[in-house]
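These notes are about the structure you will find just below.
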Amino acid sequence: MQRTPPPRPVRVLLAVGSAVALTGLALAPAQAASASSLLGGSTTAHHSYGCAPVKPGEIPCVGKVHVPSAPATGGSSKPAAPKPPAATTKSRPATPKRVTGTKTVGVRSFGCATASAGDVACLGKFAPRTFKTVNGKAVAPKTTGSPTSSGLTPAQLVKAYGLAGTNGNGRTVAIVDSNDAPTAEADLGAYRKAYGLPACTTANGCFKKVNQKGAASPLPAADYGWAEEISLDLDMVSAVCPTCHILLVEADGPTTEDLGAAENTAANTPGVVAISNSWGGSEDDTTLPADKYFDHPGIAITASSGDSGYGVLWPAASNHVTAVGGTSLKADSSARGYSETAWSGAGSGCSVQESKPSWQKDTGCGKRSIADVSAVADPTTGVAVYDTYNSCGGGPLCDVLLGLGLAQGADGWVQVGGTSASSPIIASVYALAGNTASIDPSYPYSHASSLNDVTSGSNGKCGNYLCTAGKGYDGPTGLGTPKGTGAF
């Protein structure tokens, strides 16, 4: 197989306040040109991002960036003769006007790798980022090493979902994702230390990372997007159930077979009471045969409902899992201290493959309805996560490139969301409840009074409850969000 040579180092200028810093950074030519533009270079042309070549059936990216234009030649290869300097009078040069402003980059996906058409995708999203600008140039933010000032904290999640005083008592929550996150344990340690949570390490037996066969090595290839997904999952388990143990199972790739093998490994590991799956793909004729990977009685299995609004993803559609939708969570003056609406990006709908389970009583869908329950997922009201695996080496310039989408991964504290956040939250609530040995996905339906009913918001235009929140069951939020552990 032919290997693509590494990108050549490109020196990039970055405005920092009124000064300009020069740094060497390995970027692909298209990325270097984009960085030059967004950080103040002159631009006249538009070029594509330069995404990796795609196979038949895969979808290329369609973004374009400005690149600096070449100087006009006027049709001649000879340089123009210099003009004699014009006569000038002695005067002090004018001071350039300092114009400040901001640049906002909207919500974007983690960009997890997929090998071919039909592979599943991770379901995490970065919150919008706003950068200060000086004379049109993005200014690198000051980094302090402290938790981000935005993003929900463990204490806020515990309060919002009535989980104070609960204890996981060492029960294990498993996370199943694709590819390796090389900095997973170190980043998990930084997150837990920042919020005063007990250490969870390989050395103290709290954390374990294995491949899809259950072995500590060899681990699969690393991927920046999946690494961010893994950090989100690990941090949400830590936030909701800090006394739980964590098993991270990394599949060889984002295929149903590899992730299914990882699912079986997680389920067959002693002590595992809940498994979270923050990924999904479209339903097709392979869906029903693949349900076998999630048929593990006595273990609560959660799956993200999706991040693209109304529409059904698998494995959330499987009758063996709890399908987790998403909300926007905001602090308010109510007795609870928080209010929720359906998140516009949450997946929901009526399965075309899975049969109607006996415990679902809604009448507008003849097959499996999605979702079952929900938790916060809106990136704009999202959670704080710590991740340092990135393609640009760290530092202020890297932070700007990451925020602008010109590099992959993260460089410390970020605010994120997606139903990739809500799935591990619900899996952790199951672990806190400690009832998984004797219950199945029907349990929340017979204990709906122990959930916060979400009655407003929508994720699309379908004309009924499958895309519009209302009293009782609805598609985007299911039966509601945790109000303690009584529904789990």
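The sequence shown lines up with residues -32 to -1, 1 to 456 when you count with mature numbering (1 follows the signal peptide of the UniProt record, and there is no 0).
All residues carry an ideal CB built from backbone N, CA and C; glycine is no exception.
The structure displayed is predicted, hence computed values, not measured ones.
Determine the DSSP secondary structure at residue 275, reduced to helix, strand or coil. coil
Rounded C-alpha distance that separates residue 172 from residue 212: 13 Å
Please classify residue 122: is it buried, with 16 or more other beta-carbons within 10 angstroms of its beta-carbon, or exposed? buried
Using 10 angstroms around the beta-carbon of residue 387, count the other beta-carbons present and answer buried if the total reaches 16, otherwise exposed. buried
Nearest candidate by alpha-carbon position, reference residue 198, set 166, 155, 238, 235: 155
Do you know offhand how far residue 221's Cα is from residue 182's? 15 Å
State yes or no: is the C-beta of residue 215 within less than 8 Å of the C-beta of residue 250? no
Kindly indicate which residue of 244, 305, 295, 252 has the alpha-carbon position closest to the one of residue 288. 244
Suppose only complete runs of 4+ residues qualify. What are the alpha helix (DSSP H) ranges in the stretch 224 to 294, listed by chain order? 224 to 235, 255 to 258
Would DSSP call residue 457 helix, strand or coil? Nothing can be reported for residue 457, as the shown portion of the chain is limited to -32 through 456.
Run through the stretch 379 to 409 for me and flag every whole beta strand (DSSP E) of 3 or more residues, listed as ranges in chain order. 380 to 385
Through-space distance from residue 367 to residue 302, alpha-carbon basis: 37 Å
For residue 318, which beta-bridge partners are listed by DSSP? 337
Going straight from the alpha carbon of residue 442 to that of residue 196, what length do you get? 30 Å
Just tell me which of 393, 410, 397, 293 has its CA closest to the CA of residue 435. 293
Just verifying my parser: in three-state terms, what is the DSSP assignment at residue 142? strand
Is the Cβ-Cβ distance between residue 248 and residue 286 less than 8 Å? no
Assign residue 354 to one of three DSSP states: helix, strand, or coil. strand
Output the distance between the C-alpha atoms of residue 150 and residue 357, rounded to the nearest integer angstrom. 7 Å
Closest to residue 361 by CA distance: which of 375, 94, 174 is it? 375
For residue 364 and residue 266, the rounded distance between their alpha carbons: 47 Å
Cutoff 8 Å; reference residue 334; Cβ partners in own chain excluding five residues on either side: 318, 324
Just to confirm, is the Cβ distance from residue 418 to residue 455 under 8 Å? yes
Can you name the residues that DSSP bridges to residue 442? 446
N- and C-terminal bounds of the alpha helix (DSSP H) containing residue 192: 192 to 208
Cβ-based neighbour list, residue 384, same chain, cut-off 7 Å, excluding 5 preceding and 5 following: 92, 93, 94, 95, 200, 347, 350, 351, 353
Given this structure, state the Cα-to-Cα distance separating residue 161 from residue 192, to the nearest angstrom. 23 Å
Going by DSSP in three states, residue 46 sits in which element: helix, strand or coil? At residue 46, the pLDDT of 45 sits below 50, so the modelled position is not reliable; the number obtained from the coordinates is stated separately. Here residue 46 sits in coil by DSSP.
Close Cβ partners of residue 43 (< 8 Å) along its chain, the five nearest in sequence each way excluded: With a pLDDT of only 44 at residue 43, under the threshold of 50, the placement of this residue in the model should not be trusted, and no figure is reported.
Distance CB(residue 397)-CB(residue 208) smaller than 8 Å: yes
Kindly identify the DSSP beta-bridge partner or partners of residue 153. Its beta-bridge partners do not exist; DSSP assigns none.
Is the beta carbon of residue 448 sitting closer than 8 Å to the one on residue 421? yes
Of the residues 147, 233, 444, 157, which one's Cα is nearest the Cα of residue 264? 233
Report yes if the CB atom of residue 370 is closer than 8 Å to the CB atom of residue 379, and no otherwise. yes
Restricting to Cα atoms, I'd like to know which of 188, 275, 137 is closest to residue 174. 137
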